[in-house]
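Top to bottom, those sequences are chains A and B.
According to the numbering used here, the first sequence is numbered sequentially starting from 14.
According to the numbering used here, the second sequence is numbered sequentially starting from 14.
A virtual CB, placed ideally from N, CA and C, is assigned to each residue, including glycine.
None of the values given here were measured: they were computed from a predicted structure.
This report refers to the structure that appears directly beneath it.
Protein chains: 2
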Amino acid sequence: MENFEYCTPTRVLFGKGQVEELPARLAAYGKKVLLTYGGGSIRKIGLYDKVKKLLDGFEIYELSGIEPNPKLQSVEEGAKMCKEKGVEVVLAVGGGSVLDCSKAICAAACYDGQAWDLITGKVPTKKALPLVTVLTLSATGSEYDWGAVISKPDTNDKVGYLDGHLFPALSILDPEYTYTVSARQTAAGAADIMNHVIEQYFTAPNNYLADKICESLLKTVIRYAPKAIGDPNDYEARAQLMWASSLGCNGIAGLGNRYSGWPCHAIEHALSGYYDITHGVGLAIVTPRWMRHILSEKTLERFVNYAQNVWGIEVNGKDGFAVANEAIEKTYAYFVSLGLPMTLKEVGIGSERLGEMAHHIAVNEGLENAWSPLTEKDILQILQECL
Amino acid sequence: MENFEYCTPTRVLFGKGQVEELPARLAAYGKKVLLTYGGGSIRKIGLYDKVKKLLDGFEIYELSGIEPNPKLQSVEEGAKMCKEKGVEVVLAVGGGSVLDCSKAICAAACYDGQAWDLITGKVPTKKALPLVTVLTLSATGSEYDWGAVISKPDTNDKVGYLDGHLFPALSILDPEYTYTVSARQTAAGAADIMNHVIEQYFTAPNNYLADKICESLLKTVIRYAPKAIGDPNDYEARAQLMWASSLGCNGIAGLGNRYSGWPCHAIEHALSGYYDITHGVGLAIVTPRWMRHILSEKTLERFVNYAQNVWGIEVNGKDGFAVANEAIEKTYAYFVSLGLPMTLKEVGIGSERLGEMAHHIAVNEGLENAWSPLTEKDILQILQECL
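Shown next as structure tokens:
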């Protein structure tokens, strides 16, 4: 095991009806609230009205319309509102994009300069407003981690902003709020969770307990995503996906493993930075191609482990590469079975800008230091395989 | 999945040499420190001198001689020192007993009445001094949880004190400090960790992800305890046991499962409350007898799951009870293989007070509401099986 430092101070309230706790819990942080949300799905499921009713007596300001792959502009707008109105706590109701944007708002509200300087780490984050979240999509794990991914469309940048001040103070996780998530978004969320775990699992040095926890999360998603898609109101399936999403991205699964470089995320961030596609879909497309590309004598052991313990592939007496390729094919076939588009063409991306993206990734993402290092040429080949 | 609330705010510094961080981290809480430790093993391994040297410039008071199954008297003594000296932070260096005692000291130092009233929950805990720990034994998980078990010898009480104020602020976990732990104590620690997980696993309703995480922890301990006993300086083995101990008892393994009643702990607390035996040894003795006693049509599914996923027992085409009994025998044989005494006689306990203990447990532990309910008669039978 490698050395590590770990702390996830977020409090979780998980399960049916936990939103009823909101008034009492929120009041601990203040009465002046910025309520943030997305395109209106929380209105459709009645959650907007529910929250507004519960928070009768609070002074509520609203920032709505936060988009998928949230943009710097929304962060700046939210931070400005917080400063002008003296907001004491931000309440984010939505999926990972709303939560990520709100995390950056919490930090930018306590800083007098440019929000982008905080997001890019040019200046250190010293303070942030407390954030309370009500989650409506199982995918990014933002509800239980210290990260926010923010896009800056004019430069095609999509930056991962990591800071200890960004942990939500409280996250309310009621799986019922994901009943109306579409099959496509449920599948994309499942691919997102799985890839978070894969990024922690495919590395060296690794360790046994981390392996087992990563495999636990992968098997849980593999088992329950089809159930949630088949019966959107299957509480147990929605609950398993939701808690797997929370444990998938806050680091606890891979503690003691070396940082892998998160190569699929590095590549996907260019795809959704340039083309604004759904992050989980991009990850589903990239992951099996990345796996095929890096499979080698050096990486073989990880793939055999993955084949045996995640997919239940019999390995005894078989050629390691055959086993590894079978596991990669199973990964691909699983994403297909969830109904995910598995080529860039299907999501409207052609070959025109692959070279530009490969260059952008090679320059910005440090993948030459990844567990299985990638040059610009490697990255371009992986992107071409995704077409 | 059942609803749950969860938060573990403790910061963990894990790995070789992390104690070097102590001065900088401790200073955040203050300069007046109560250093607590046990019988002197930290002197033998040089940790006492190391800590004293690192904390040059701090104002250090010492409470040494904290005993296994820590007693109320030590809590009172430590709390008195904190009050008299104006201690700002407690630094506990040792195993679970030192940590548990120190947690209670932190709370009692902020309360003007009787410490026992806090410990028994007669009065609510409203405040506690910050606690920093340096762990030297992988067993109880106290370094990463909110519990402290305190004994009151004059009444044979051994009480579990659970409160959110008891989480350590920071725990430094360097597996090297467990190199000198004896084979017997290593084995007892392994049994302790395993039983913490078993108490979360054998219940209903349970859930898939919790099952997988519990199985991960059990398999990790089963794999690495013999390695640590065989080669006390095996860093990886010591590290796996240490992190498994931390994840084993703070609740994260069984989230969404119903509380089982922790029956083996309830029974063992009487054994070590009456006879001051090593907690992990008591658990190793009780666990397989409790398993045999509660095995029934109603509980069978859990045992088959345990057999298949923890011990790798082939279940297809076999009688469920045969599979379950094989798993129980494997559990027993595993503890034997670690060199643990597996009868009460071997630890100096005869039949004289079994009835008295069974009554004490039945009256105080609420096991009539356990997952598999136990009457006083059941408890007595289990104790008799342990002879």
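Please name the residue in the options whose C-alpha comes closest to that of residue i.
i      : options                           : result
B:F27  : B:T133, B:Y157, B:Q397 and B:C20  : B:Y157
B:A346 : B:A383, B:P386, B:I298 and B:Y74  : B:I298
A:I206 : A:C277, A:D170, A:F180 and A:L175 : A:C277
B:Y190 : B:S350, B:A320, B:V32 and B:N382  : B:V32
A:A122 : A:A141, A:S110 and A:L112         : A:A141
B:V376 : B:S385, B:K390 and B:W384         : B:K390
B:L284 : B:A371, B:Y319 and B:L222         : B:A371
A:E305 : A:I235, A:V323 and A:F215         : Reading off the sequence, residue 305 of chain A comes out as Arg, not Glu. The residue with the shortest Cα to Cα distance from A:R305 is A:F215.
A:F17  : A:E327, A:R236, A:D170 and A:Y272 : A:Y272
A:L343 : A:N382, A:K331, A:I55 and A:V323  : Leu is not the amino acid found at residue 343 of chain A; the sequence shown has Lys there. Taking only the C-alpha atoms, the option nearest A:K343 is A:V323.
A:D176 : A:L48, A:K135 and A:L357          : A:K135
A:A241 : A:K225, A:S195, A:W275 and A:P218 : A:S195
B:K225 : B:G368, B:P22, B:W275 and B:G267  : B:G267
B:A200 : B:S350, B:L357, B:L393 and B:A37  : B:S350
B:K358 : B:C399, B:E327 and B:A41          : B:C399
B:L60  : B:Y192, B:T356, B:I235 and B:R236 : B:Y192
A:G107 : A:K96, A:L148, A:Y124 and A:V328  : A:L148
A:R315 : A:I132, A:S385 and A:C262         : A:S385
Between residue i and the rest of its own chain, which residues show a CB-CB distance below 8 Å, the 5 nearest in sequence each way excluded?
i      : result
B:G361 : Y288 and I290
A:E34  : L26 and I185
A:N169 : A283, G286, Y287 and H373
Just to confirm, is the Cβ distance from residue i to residue j under 9 Å?
i      : j      : result
A:G126 : A:H209 : no
B:F71  : B:L39  : yes
A:Y25  : B:Y19  : As written in the sequence, residue 25 of chain A is Val, which differs from the Tyr given in the question. Yes, Cβ-Cβ distance for A:V25 and B:Y19 is below 9 Å.
A:L353 : A:V317 : no
B:G91  : B:L150 : no
B:F348 : B:P301 : yes
A:I280 : A:I374 : yes
A:L76  : A:M94  : yes
B:A337 : B:L313 : yes
A:A152 : A:A223 : no
B:E101 : B:A128 : no
B:G99  : B:K139 : no
B:L380 : B:G264 : no
B:S229 : A:E228 : yes
Can you list, in chain order, the residues of its chain whose CB lies under 7 Å from that of residue i, leaving out five sequence neighbours each side?
i      : result
A:P188 : Y248, R251, A252 and M255
B:M14  : N220 and G269
B:L144 : V103, A105, S115, K116, C119, P181 and A182
A:L1   : Outside the displayed span of chain A (14 to 400) sits residue 1 of chain A, for which this structure offers no information.
B:P166 : K84
A:Q397 : L367
Let's see if you can read the secondary structure: which residues bound the alpha helix (DSSP H) around residue i?
i      : result
B:I73  : No alpha helix (DSSP H) contains B:I73, which is instead part of the beta strand (DSSP E) from E72 to L76.
A:E281 : P276 to Y288
A:C227 : Y221 to G243
B:P301 : H292 to I307
B:F316 : L313 to V323
A:I163 : That residue, A:I163, is in no alpha helix (DSSP H); its beta strand (DSSP E) goes G160 to K165.
A:I341 : G333 to S350
B:T199 : A196 to Y214
A:K57  : S54 to K57
A:G1   : Given that chain A is displayed from residue 14 to residue 400, the structure contains no residue 1 of chain A and the question cannot be resolved.
Closer than 6 Å by C-beta to residue i: which residues in its own chain qualify, once you throw out the five before and the five after it? Chain order, please.
i      : result
B:T233 : Q253 and A257
A:S87  : I79 and C114
B:P22  : F180
B:P81  : S110
A:D130 : V136
What are the boundary residues of the beta strand (DSSP E) that residue i is part of?
i      : result
A:Y19  : F17 to F27
A:K63  : Note, A:K63: premise wrong, no beta strand (DSSP E); alpha helix (DSSP H) at L60 to L67.
B:L144 : L144 to L148
A:G107 : V102 to G107
A:V46  : K45 to T49
B:L380 : No beta strand (DSSP E) holds B:L380; DSSP gives it neither H nor E.
- Item | Against chain B: residues of the stretch 224–235 of chain A by CB proximity under 7 Å | K225, I226, S229, K232 and T233: these are the residues of the stretch 224–235 of chain A whose beta carbon lies less than 7 Å from some beta carbon of chain B, given in chain order.
- Message: So if I threshold CB-CB distances at 8 Å, which residues from the stretch 14–34 of chain A count as touching chain B?
- Response: Against chain B - using a Cβ distance shorter than 8 Å - the residues of the stretch 14–34 of chain A are M14, E15, N16, F17, E18, Y19, C20, T21, P22, T23, R24, V25, L26, F27, G28, K29, G30 and Q31.
- Message: By the 9 Å beta-carbon criterion, what residues does the stretch 256–271 of chain B contribute toward chain A?
- Response: Of all residues in the stretch 256–271 of chain B, W256, A257, L260, I265, L268 and G269 have a Cβ within less than 9 Å of some Cβ in chain A.
- Message: Please identify, using Cβ separations under 8 Å, the residues of the stretch 310–322 of chain A that lie next to chain B, in order along the chain.
- Response: Close to chain B, meaning a Cβ-Cβ distance shorter than 8 Å, is no residue of the stretch 310–322 of chain A at all.
- Message: By the 7 Å beta-carbon criterion, what residues does the stretch 143–158 of chain B contribute toward chain A?
- Response: Answer in chain order: no residues at all.
- Message: For the stretch 103–127 of chain A, list every residue whose C-beta sits within 8 Å of some C-beta in chain B, in sequence order.
- Response: Those residues of the stretch 103–127 of chain A that come within reach of chain B (Cβ to Cβ, closer than 8 Å) do not exist; the list is empty.
- Query: When Cβ atoms are compared, which residues of the stretch 332–365 of chain B fall closer than 7 Å to chain A?
  - Reply: Answer in chain order: no residues at all.
- For the stretch 233–253 of chain A, enumerate the residues whose C-beta is nearer than 7 Å to any C-beta of chain B, in chain order. Residues of the stretch 233–253 of chain A with a C-beta less than 7 Å from any C-beta of chain B: T233, R236, E249, A252 and Q253, listed in chain order.
- Select from the stretch 197–218 of chain B all residues with a C-beta closer than 9 Å to any C-beta belonging to chain A, and list them in chain order. Along the stretch 197–218 of chain B, none of the residues has a CB nearer than 9 Å to a CB of chain A.
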